[in-house]
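A quick write-up on the structure given underneath.
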Amino acid sequence: MTDVVPFRVNVPQADLDDLAGRLDRVRWPDELPGAGWDYGIPLGRVRELAEYWRTGYDWRAQEAALNAFPQFTTTIDGANVHFFHVRSPEPDALPLILTHGWPSTSADFLDMIGPLTDPRAHGGDPADAFHVVIPSIPGFGLSGPTRERGWNVGRVARAWKELMDLLGYERYGVQGGDWGWPVSAALAGIAPERLAGLHTNYLAMPADETVTDLTDEETSRVERQRRYLAAPAGYWQMQSTRPQTLAYALADSPVAQLAWIADKVTEWTDPATGVGDDRLLTTVSLFWLTGTGGSSSRLHRENTGPRGRKAVSNPVPMGVAVFPHDLILPVRRFAEKVYDIVHWTEFDRGGHLPALEVPDLLTGDVRAFFRGLR
Numbered sequence: 001m002t003d004v005v006p007f008r009v010n011v012p013q014a015d016l017d018d019l020a021g022r023l024d025r026v027r028w029p030d031e032l033p034g035a036g037w038d039y040g041i042p043l044g045r046v047r048e049l050a051e052y053w054r055t056g057y058d059w060r061a062q063e064a065a066l067n068a069f070p071q072f073t074t075t076i077d078g079a080n081v082h083f084f085h086v087r088s089p090e091p092d093a094l095p096l097i098l099t100h101g102w103p104s105t106s107a108d109f110l111d112m113i114g115p116l117t118d119p120r121a122h123g124g125d126p127a128d129a130f131h132v133v134i135p136s137i138p139g140f141g142l143s144g145p146t147r148e149r150g151w152n153v154g155r156v157a158r159a160w161k162e163l164m165d166l167l168g169y170e171r172y173g174v175q176g177g178d179w180g181w182p183v184s185a186a187l188a189g190i191a192p193e194r195l196a197g198l199h200t201n202y203l204a205m206p207a208d209e210t211v212t213d214l215t216d217e218e219t220s221r222v223e224r225q226r227r228y229l230a231a232p233a234g235y236w237q238m239q240s241t242r243p244q245t246l247a248y249a250l251a252d253s254p255v256a257q258l259a260w261i262a263d264k265v266t267e268w269t270d271p272a273t274g275v276g277d278d279r280l281l282t283t284v285s286l287f288w289l290t291g292t293g294g295s296s297s298r299l300h301r302e303n304t305g306p307r308g309r310k311a312v313s314n315p316v317p318m319g320v321a322v323f324p325h326d327l328i329l330p331v332r333r334f335a336e337k338v339y340d341i342v343h344w345t346e347f348d349r350g351g352h353l354p355a356l357e358v359p360d361l362l363t364g365d366v367r368a369f370f371r372g373l374r
């Protein structure tokens, strides 16, 4: 039987000293006058973040926040898998596995763990309680780098099924955004009889050309997705074609890792909600201190192919949370032709990283979706 080993985050002081030393010796690039964001994240913003990382950010406090929840590691399909496993005090709680995306880690969900596992203590209904499992995708953060080819979405989904089997959960829910969406969908395809439901805060699928009476809002969403897919972002092209070339910068320079992540986090979030600098730097630190900037990029390479590929139907009930500042916005009528959509919420704030931006809204929607599926 595979061992499940208790885990605590405890970064050696030597690694923190090395990080501080590297931040003391940054070789800064030049910048065109008045460039703003036209060429990427501005120099002034990265210098500000790097200085705070060096002199104000408290990794040990963030480490303590991580260690406030039970964590474990195990080996699945040859890869190390780190995961939070927080059981609810409510005896009838539904197991729920949450999957992060890129550039994210399992720490994205920290503010949701308490309300999900113990709603009674957070002003909620104890009938909405979950036993929560939050793994780090192999190659990301506390799972550490992958050591072989082939860690694609399908393989991650199979690993999640094995993890839930290992924990003794026969029926459970799944939730995810970004990479967490296709991983969750793949898990639904592998083990539909085990899933109570699938909740996602990101749904990418091609336009249905048979639907001709589009509303203005639906037309706007179709055009938004077409623009997004027609000009793939630079990070996507680099990580899906040359992740190893990128890895040298991310492994050697903390400021390269900082700029690479901060650029996307800033672009993908709602300016009205955003992500605080401490949470942003916790994400960056987890990639830097585990040396997974390069290995996390390989997930794009392992899943090369056009985004928005044909959706595959599955019989699992689905709930969708739509946040207005996400990269693309799905059209419900298209989704309902492929998926068993039983819950759909349109929010007025939030972006691509709602677990960090608006955890209260995401938590509430997860509760509402699974309420009728227990």
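Residue numbering for the sequence shown follows full-length UniProt numbering, beginning at 1 and increasing consecutively.
Glycine included, each C-beta is placed from N, C-alpha and C at the ideal position.
Predicted model only: the values in this text are computed from it and were never measured.
When DSSP reads this structure, Trp344 sits in a beta bridge with Val320. In the DSSP assignment, Pro135 falls within the unbroken beta strand (DSSP E) covering 130-135.
According to DSSP, residue pairing for Ile97 in a beta bridge involves Val133, Val174.
The alpha carbon of Gln175 has as its nearest neighbour, out of Leu203, Asp165, Ile41, the alpha carbon of Leu203. For Leu195, DSSP records a beta bridge to Tyr172. Note that the C-beta distance between Ala259 and Leu250 is not below 8 Å. Comparing alpha-carbon positions, the option among Gly144, Ala233, Ala188, Tyr339 lying closest to Thr75 turns out to be Gly144. Nearest to Asp208 by alpha-carbon distance, out of Thr200, Asn201, Glu218, Gly114, is Glu218.
The alpha carbon of Pro324 has as its nearest neighbour, out of Arg27, Trp268, Arg87, Arg371, the alpha carbon of Trp268. Residues Thr2, Val4, Thr74 of the same chain have their beta carbon placed closer than 7 Å to that of Leu166, with the five preceding and five following residues left out of the count.
In the DSSP assignment, Phe83 falls outside any alpha helix (DSSP H) and within the unbroken beta strand (DSSP E) covering 79-86. Ranking Pro103, Glu90, Gly44 by CA distance to the CA of Tyr235 puts Pro103 first.
Under DSSP, the beta-bridge partners assigned to Gly351 are His325. Contact check for Val11 and Glu63: beta-carbon distance about 7 Å, within the 8 Å limit, so the pair qualifies. In the assembly as shown, Ser220 is an exposed residue. Its beta-carbon has fewer than 16 other beta-carbons within 10 Å.
Relative to Pro232, the option among Ile190, Ile328, Gly139 whose CA is nearest is Ile328. For Thr74, the uninterrupted beta strand (DSSP E) segment begins and ends at 71-76.
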